[in-house]
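Let me begin by presenting the structure, written as structure tokens, before commenting on it.
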Amino acid sequence: MPEVIESKTIFSLLEVTRSIQKTIADRYKNLYWIKAEMNKLNHYSHSGHCYPELVEKKDGKIVAEIRSILWKADFQRINQQFIKLLNEPLRDGITMLFQAGISYDPMYGLSLRIVDIDPTFVLGELEREKKESILKLQQEGIYDTNKKLPFPAVPKRLAIISVETSKGLSDFYKIINNNPWGYRFETTLYPALLQGDKSIPSIIKQLSLLAECTDKYDAVAIIRGGGGEVGLSSYNNYLLAKAIATFPLPVLTGIGHSTNETVSEMVAYKNAITPSELADFLIQKFHNFAIPLDQSQEKLIYFSKQHFLRERNAIAHSMQQISWSSKNKIASEKHGVLILTQRLQLFSDQFLREKQTSLEHLDRLVKLADPTQLLKRGFSITRMNGKIVTHISQLQIGDRIETIFIDGKITGTVTHKEGDHGQ
Amino acid sequence: MANSYTYTDAFEELQIIVAEIETGKVNVDELSEKIKRASQLIAVCKTKLTATEAEVDKLLAELTEEPPQSDSATPEEG
């Protein structure tokens with residue numbers, strides 16, 4: 001009871017706070033559905049209770065703020081429901097619809113006691129968040145940026161954002177390191193948290209580290225798997241999706257879940273459902289390079305062999321031709337020389353024979369014409385004054401003539417002339 | 001002297017001499033001289049031909065011997 005001192009009624013603090021408590025309890029008897037943004041969950045793991053900070057913002061400024069309490073049992077129940085329906089635990093930074101009572105405690109002051117949170121409302125919020133991220137990326141014209149990057153022919157050097165202990169990562173390593181074709185991958189792990197709100201700054205930080213040394217890698221792979229389906233809405237985060245979309249190297253995702261594709265996966269160069277599928281994708285890229293290469297090699301060998309064979313045949317053919325035609329040529333030349341030799345013999349013989357014949361003929365003629373031969377046969381030659389007399393008309397009676405015989409000559413005088421025709 | 005003649009020159013000259021003798025352009029005084037010249041040319045041609053033939057035969061023999069040599073020198077795979 002309040003004391004009265006010097007006509008003043010004086011209340012103790014407890015009396016005042018109890019009065020406030022009673023007034024508020026009388027005034028706010030029901031549970032109310034309230035819409036607010038949960039700025040911070042403030043989950044205390046040792047007690048299991050949560051003390052969420054609730055705010056309402058207008059144009060980015062906080063216009064209302066109140067503490068709240070979510071007891072361990074309520075938190076566990078609500079969280080279970082969230083995980084079941086949303087694949088998401090209760091988390092910070094989300095607008096939610098919750099049922100709460102308004103209470104005042106002399107020790108802890110005014111707070112809202114949350115008894116239930118509507119998961120479907122949160123689901124809508126998550127969807128809205130996702131759509132907003134997509135829309136924003138599209139408006140900025142960076143939604144397709146990573147997809148449009150040229151993909152290396154041989155994605156050999158991989159920067160991997162994952163956790164050492166991830167089951168998905170070990171599946172991935174198993175496939176790429178034990179591939180039967182002997183393709184060698186070089187992997188470098190950049191450890192990061194892969195689910196929940198903290199994954200956003202964690203992955204972004206590794207991406208920004210990687211952006212400093214893009215020349216060392218062909219592609220970046222974000223690999224998760226075996227971690228269940230919970231806490232993947234962080235991949236819808238605008239900042240994370242933007243970091244992936246604008247990354248200068250192709251980003252590949254193998255986050256390993258069966259629910260709807262997240263924005264980060266949508267903007268990545270390639271989204272594989274599982275890390276194993278991602279490994280297969282990379283191996284396929286190697287195939288795409290290696291198979292035509294092998295084929296080219298085979299073709300090269302085949303065609304060069306063919307070429308040599310063809311040339312060898314051509315040489316053999318030429319050789320036969322040379323052999324044949326040179327022998328032929330020599331034979332024909334030999335024949336030519338032989339023919340000429342024969343002709344030479346023939347014609348020189350003939351020539352000489354002709355000369356001989358004409359000589360003999362001449363000889364005969366000469367012999368026929370020789371006067372001694374005539375004289376021998378009884379002919380004689382008559383001369384007058386040293387000139388041959390062939391006709392009697394050349395002579396007159398009384399001319400002195402000289403008659404030549406084979407063995408000498410006589411001198412006489414013409415006494416009588418008588419022609420052959422009786423003149 | 002004879003060696004400085006090519007086969008072609010010798011053969012051509014020989015042809016000319018034969019043609020001259022055939023057509024009777026040669027007189028008797030020149031004949032023996034021409035025949036002497038012709039037999040020299042024939043000798044040149046025959047010598048050249050024999051030498052060439054021997055050389056060609058040798059080269060051809062080398063050609064046909066070469067492939068098995070090169071095959072054994074470069075063992076092929078398979």
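Protein chains in written order, with this note's numbering: chain A, 1 to 423; chain B, 1 to 78. Just so it is clear, CB atoms sit at the ideal spot from N, CA and C, and this is done for glycine as well.
Hey, is residue i's beta-carbon within less than 8 Å of any beta-carbon in chain B?
{"i": "residue 299 of chain A", "result": "no"}
{"i": "residue 311 of chain A", "result": "no"}
{"i": "residue 428 of chain A", "result": "Any property of residue 428 of chain A remains undetermined from this structure, which presents chain A solely from 1 to 423."}
{"i": "residue 337 of chain A", "result": "yes"}
{"i": "residue 355 of chain A", "result": "yes"}
{"i": "residue 343 of chain A", "result": "yes"}
{"i": "residue 351 of chain A", "result": "yes"}
{"i": "residue 323 of chain A", "result": "yes"}
{"i": "residue 358 of chain A", "result": "no"}
{"i": "residue 304 of chain A", "result": "no"}
{"i": "residue 326 of chain A", "result": "yes"}
{"i": "residue 308 of chain A", "result": "no"}
Using a Cβ cut-off of 9 Å, pull out every chain B residue sitting near residue i, in sequence order please.
{"i": "residue 266 of chain A", "result": "Here the premise fails: no neighbours, minimum Cβ distance about 52 Å."}
{"i": "residue 263 of chain A", "result": "Under the 9 Å cutoff, chain B gives no residues; its nearest Cβ is about 56 Å from residue 263 of chain A."}
Is the Cβ of residue i closer than 8 Å to any Cβ of chain A?
{"i": "residue 18 of chain B", "result": "yes"}
{"i": "residue 30 of chain B", "result": "no"}
{"i": "residue 52 of chain B", "result": "yes"}
{"i": "residue 46 of chain B", "result": "yes"}
{"i": "residue 35 of chain B", "result": "yes"}
Kindly list the residues whose CB is nearer than 7 Å to the CB of residue i, restricted to its own chain and excluding five residues on each side of it in sequence; keep chain order.
{"i": "residue 119 of chain A", "result": "81, 82, 85, 86"}
{"i": "residue 63 of chain A", "result": "56, 57"}
{"i": "residue 251 of chain A", "result": "146, 220, 222, 244, 268, 269"}
{"i": "residue 18 of chain A", "result": "106"}
Interface residues of chain B around residue i at Cβ under 7 Å?
{"i": "residue 333 of chain A", "result": "49"}
If distances are taken between C-alpha atoms only, which option among the options comes closest to residue i?
{"i": "residue 402 of chain A", "options": "A/414, A/154, A/391", "result": "A/414"}
{"i": "residue 60 of chain B", "options": "A/257, A/352, A/40, A/326", "result": "A/326"}
{"i": "residue 264 of chain A", "options": "A/199, A/346, A/391", "result": "A/199"}
{"i": "residue 189 of chain A", "options": "A/180, A/203, A/230, A/307", "result": "A/203"}
{"i": "residue 42 of chain A", "options": "A/420, A/71, A/215, A/104", "result": "A/71"}
{"i": "residue 342 of chain A", "options": "B/63, B/51, B/18, B/27", "result": "B/18"}
{"i": "residue 273 of chain A", "options": "A/122, A/257, A/281, A/322", "result": "A/257"}
{"i": "residue 149 of chain A", "options": "A/339, A/139, A/138, A/218", "result": "A/218"}
{"i": "residue 108 of chain A", "options": "A/100, A/136, A/68", "result": "A/68"}
{"i": "residue 156 of chain A", "options": "A/294, A/283, A/349, A/275", "result": "A/283"}
{"i": "residue 90 of chain A", "options": "A/406, A/197, A/409, A/295", "result": "A/197"}
{"i": "residue 330 of chain A", "options": "B/26, B/29, B/56, B/22", "result": "B/56"}
{"i": "residue 255 of chain A", "options": "A/7, A/381, A/246, A/276", "result": "A/276"}
{"i": "residue 51 of chain A", "options": "A/111, A/294, A/122", "result": "A/111"}
{"i": "residue 456 of chain A", "options": "A/368, A/337, A/246, A/13", "result": "Within the shown structure, residues of chain A are numbered from 1 to 423, placing residue 456 of chain A beyond reach of any answer."}
{"i": "residue 233 of chain A", "options": "A/417, A/390, A/313, A/128", "result": "A/128"}
{"i": "residue 380 of chain A", "options": "A/362, A/389, A/404", "result": "A/404"}
{"i": "residue 28 of chain A", "options": "A/100, A/177, A/78", "result": "A/100"}
{"i": "residue 77 of chain A", "options": "A/96, A/49, A/92", "result": "A/49"}
{"i": "residue 247 of chain A", "options": "A/26, A/47, A/142, A/153", "result": "A/142"}
Can you list the residues of chain A that residue i reaches, using a CB-CB cut of under 8 Å?
{"i": "residue 22 of chain B", "result": "343, 347"}
Going along chain A in order, which residues have a C-beta closer than 7 Å to the C-beta of residue i?
{"i": "residue 15 of chain B", "result": "340"}
Excluding sequence positions up to five away, which residues of its chain have a Cβ less than 6 Å from the Cβ of residue i?
{"i": "residue 192 of chain A", "result": "161, 202, 203, 206"}
{"i": "residue 133 of chain A", "result": "236, 238, 241, 263"}
Mind pulling the chain B residues with CB within less than 8 Å of residue i?
{"i": "residue 330 of chain A", "result": "49, 52, 53, 56"}
{"i": "residue 319 of chain A", "result": "60, 63, 64"}
Can you give me the Cβ contacts of residue i inside the same chain, cut-off strictly under 8 Å, excluding the 5 residues immediately before and after it?
{"i": "residue 14 of chain B", "result": "38, 41, 42, 45"}
{"i": "residue 261 of chain A", "result": "271"}
{"i": "residue 382 of chain A", "result": "388, 389, 401, 402, 403, 404"}
{"i": "residue 278 of chain A", "result": "172, 221, 223, 252, 253, 254, 270, 272"}
{"i": "residue 126 of chain A", "result": "86, 88, 94, 233, 236"}
{"i": "residue 184 of chain A", "result": "156"}
Counting only runs that start and end within the region 142-219 of chain A, where is the beta strand (DSSP E) found for 3 or more residues in a row?
157-162, 186-191
Complete alpha helix (DSSP H) runs within the region 48-104 of chain A (minimum length 4 residues, chain order)
72-86
Could you name each continuous beta strand (DSSP E) segment of 3 residues or more that falls completely within the region 237-268 of chain A, going from the start of the chain to the end?
251-254
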